[in-house]
Structures are given as structure tokens and as C-alpha cells.
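All remarks here apply to the structure that follows.
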Amino acid sequence: MIPALNSYLHQHKSLSIPGIGTIYIERTPARSDFTNKQILPPGYHYRFDPFFDTPEKQFFSFLAKKKNVADYEAMQWYNDWAYEISAKLKTDSLVFWEGVGALKKNDSGDIFFETIAPIDAFLQPVPATRIIRTNTSHTMLVGDKELTNLQMSGYLHDNDKQP
């Protein structure tokens, strides 16, 4: 069961558990690291939303195909699994999900999700060196005229000399 759920979660970037919430996989964009002269790769992390907990219909088709059962059997089986998780949370207040994290319940009854490890994207940082090209020319639009940057710097330099 868990491998099929992990597969769906990683392919579709979200998995809703009835009565508990939804686990999302979100992408964090690439970041620049100027001190080490590199661009760090994008990453992925889990996010838990306790308010939205309705699975999509395509999820049950996916699960039925993975388990070689009918859609209604997959739906029943998944809802039973979700009920077991909910019951475990009520008694133990901690449910470990292999490869993803742990669901916890606090004293006030709120459910939280804690990641065990970051999602491996197998991407490496890329070297980034600043290149400054002096005396190069490029065109730009100034008002309705197209001028080069050298023409504009000459024009601005002449205006600075006038009183």
C-alpha cells in the first residue's frame, strides 16, 4: 500500500487522506550563492494542509490499476486505510509513513506533519561567475528612438557638462 501511495504522491505532487488532510510536494526555486560563486539547484519539500482532505477521482483509478482491483474496491480499501491511520492517531498520537514523514496529533487534537528527510532531486550546484564586458554595444529604446548604449552614455555625459 505505502509504495503505491508514495508513487502517486511523487508523480502527482499531492495526496489527500480523508479525515486527516493533504500532503503536497512543493518546489523551491533555484537560489544564487554569491559568496561561493554558484547557483544552487531547485529543491522539493513536503507541505501538509489539514483542511483539504478529499482525494481526486483519478487517484482511485491509479490505485485500482496498481492493485489490480476495481475502482470501488480501491476506494473502499483506501478509505479503510485512512480510517486506520485516523484511529492510530487518536490512540498513539504518532503515525510513521515510511519514506515521507510522520503524522502527529497534539494535545488539542490538531494533526501535524513532520518530514523525516528532504526529497532528493539529485541536482548539483552550477558555477556562476560574473562577466563584465566593457565597451560593448547594444541597442535600447529611448522614447521612440532606437539608440545604442554608447550613444546614450555620450548624450548623458554631454548633458552633465552643460550648466
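Read left to right, the sequence shown gives residues 213 to 375 (my numbering).
The beta-carbon is built from N, C-alpha and C at its ideal position, and this holds for glycine as well.
Residue i classed as buried or exposed, judged by whether at least 16 other C-beta atoms fall within 10 angstroms
i           : result
residue 328 : exposed
residue 312 : buried
residue 272 : buried
residue 290 : buried
residue 325 : buried
residue 315 : buried
residue 317 : buried
residue 217 : buried
residue 344 : exposed
CA-to-CA distance, residue j to residue i, given in whole angstroms
i           : j           : result
residue 265 : residue 282 : 22 Å
residue 246 : residue 298 : 46 Å
residue 221 : residue 242 : 22 Å
residue 296 : residue 275 : 18 Å
residue 267 : residue 232 : 11 Å
residue 357 : residue 342 : 30 Å
residue 368 : residue 227 : 59 Å
residue 214 : residue 335 : 26 Å
residue 302 : residue 294 : 13 Å
residue 306 : residue 300 : 7 Å
residue 237 : residue 225 : 5 Å
residue 261 : residue 337 : 31 Å
Helix, strand or coil at residue i [DSSP, three-state]
i           : result
residue 359 : strand
residue 364 : helix
residue 353 : strand
residue 339 : strand
residue 333 : coil
residue 218 : helix
**Message:** Just to confirm the assignment: which complete beta strand (DSSP E) runs, minimum length 3, are found wholly within the segment 265 to 331?
**Reply:** Complete beta strand (DSSP E) runs here, min 3: 306 to 309, 313 to 317 and 323 to 327.
**Request:** Ignoring anything shorter than 3 residues or poking outside the segment 221 to 271, list the beta strand (DSSP E) runs there in chain order.
**Result:** Within the segment 221 to 271, the complete beta strand (DSSP E) runs of at least 3 residues are 226 to 229, 233 to 240, 243 to 245, 250 to 252 and 255 to 261.
**Prompt:** When the Cβ atoms of the segment 248 to 257 are set against those of the segment 284 to 301, are three or more pairs found closer than 8 Å?
**Reply:** Contact check between the segment 248 to 257 and the segment 284 to 301: fewer than three CB pairs, one atom from each, fall below 8 Å, which does not count as touching.
**Asked** Any chance the segment 338 to 351 sits against the segment 360 to 368, with 3 or more Cβ pairs inside 8 Å?
**Response** Judged by Cβ distances under 8 Å, the segment 338 to 351 makes contact with the segment 360 to 368, as three or more pairs qualify.
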